[in-house]
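What follows is a set of notes on a single structure, which appears directly below.
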Amino acid sequence: MENNKLKDDIRFLAVGAAGANVAQMMEKKNYKTYYVNLAQQDLDLVNSPNKLHIRNGEGASKNRDKAKEVLSESIDEVLETLDNQITEKYVFTVFSLGGGTGSGCGPFLASVIAENPEKKVGLVIILPSKEESLQARINAYEALSEIIPLRNSLGSIFILDNNKRKDKLSINRSFAGLFDSFINIGDVPSSIHGVIDIAEQKTLLETSGVAMIHKVAQNEQSNLLATVNDGIYATIEPNKKIKYIGLSQPEAKEDKSPIEISSVIDVVGQPIDTYMGYGNTETVLYLGGISFPKTYINSLAESIKSEQEKAEKAMEDDDISMDNLNFLANRKSTVVVEKEPEKKMTARERLLASRNNGKK
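The opening position of the sequence shown corresponds to residue 0 in numbering that gives the first Met the number 0, with each subsequent residue numbered one higher.
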């Protein structure tokens, strides 16, 4: 079937331990996966032959610069391995924003793979909860600052929010189920009212910007906003900017009315186009090309600044000077890469340069 061809052309590239947790859920749904990590111990927990230990890596301990430096030492080898192993057109790079390996290496690996015109690269990224450490939130802010400039060269970006549930693994399970439900739209029987075809599914997956997939129960139709905002993703921005809506649902019955697309538009905004399909056993809603969660990013920055001030105050009480402390700058890089504007930088040079960019 056409849809099986789409599923067979998708690969989830997990970078770091948190990304591996999501990818393993996808593997249970029969998606192809590949695992990359600095820590061999984490890779040993993954029951898959499709994995790569980055040479000389012993873990990153939430240190993004350390992860980048270790990756830079074998970047050509890593990229060659990924190029040989990942032959699928659709590559979703999966990683946590709060850790070291994922947030340090994930954005760069995704950007390099996306340079291949035969690839369509998306992201599945995980926001740290408010209870996680200050360092985790700093990492998230810095990683987002690298991802946002890349958004137009990437496809769908799914932002999972660990603030939405205490059980983080349940968020991963839910995402795996939702993504699979969307891909399986192609399995629904033909309907006289039309179906979402594989070309439309590809358009949705390839659309740049933030994306969400939801299942809408019959009793939730009257409160779509709650369905959208109370799910597993970062809360949608109130600006109602969106590129595409995909809605696949059961045929209308006397006792069950289908969701009107106008009701969805009222909640999320007017898209460029809508794709409607019928004959499904459940209602699946795909929102593509949504704005990045600016509200969340601003609150993240404020929480970091607030805790920075508390830390500075605590150190002042102990008569310890902390002049020029800048948490967002994290650690000062020991590697200096001279810029040569007229020379095309190698992957290693670009990776090392990205360590310095956040320090200026």
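Think of the CB as a built atom: it goes at the ideal place given N, C-alpha and C, for glycine as much as any other residue. These numbers were taken from a predicted model, which means no experiment stands behind them.
- Between the region 204-219 and the region 287-299, the count of Cβ pairs shorter than 8 angstroms is three or higher; the stretches touch.
- Annotated three-state conformation of threonine 92 is strand, per DSSP.
- Contact between the region 107-125 and the region 244-259 is absent: fewer than 3 CB-CB pairs across the two stretches fall below 8 angstroms.
- The Cβ atoms of glycine 245 and leucine 203 lie closer than 7 angstroms to each other.
- By the CB criterion at 7 angstroms, glycine 97 and alanine 135 fall inside the cutoff.
- In this chain, the beta strand (DSSP E) harbouring asparagine 36 covers 31-36.
- Beta-bridge partners assigned by DSSP to glycine 208: Ser155.
- When rounded, the separation of the alpha-carbon atoms in tyrosine 295 and threonine 234 is 8 angstroms.
- According to the DSSP assignment, glutamine 248 belongs to no alpha helix (DSSP H) but to the beta strand (DSSP E) extending over 243-248.
- If you draw a straight line from the Cα of valine 267 to the Cα of alanine 113, it is about 28 angstroms long.
- Just so you know, the alpha carbons of glutamate 76 and serine 173 end up roughly 34 angstroms apart.
- For tyrosine 140, the uninterrupted alpha helix (DSSP H) run begins and ends at 133-146, by DSSP.
- The beta-bridge partner set that DSSP reports for tyrosine 295 is empty.
- When the beta-carbon positions are compared, tyrosine 274 and glutamate 199 come within less than 7 angstroms of each other.
- In this structure, the alpha-carbon of asparagine 161 lies about 15 angstroms from that of leucine 133.
- Rounded to the nearest angstrom, the Cβ distance from valine 21 to valine 111 is 21 angstroms, too far for a contact under 8 angstroms.
- Here DSSP, grouped into helix, strand and coil, assigns leucine 44 to coil.
- In this structure, the straight-line span from the alpha carbon of glutamine 40 to that of glycine 15 is close to 11 angstroms.
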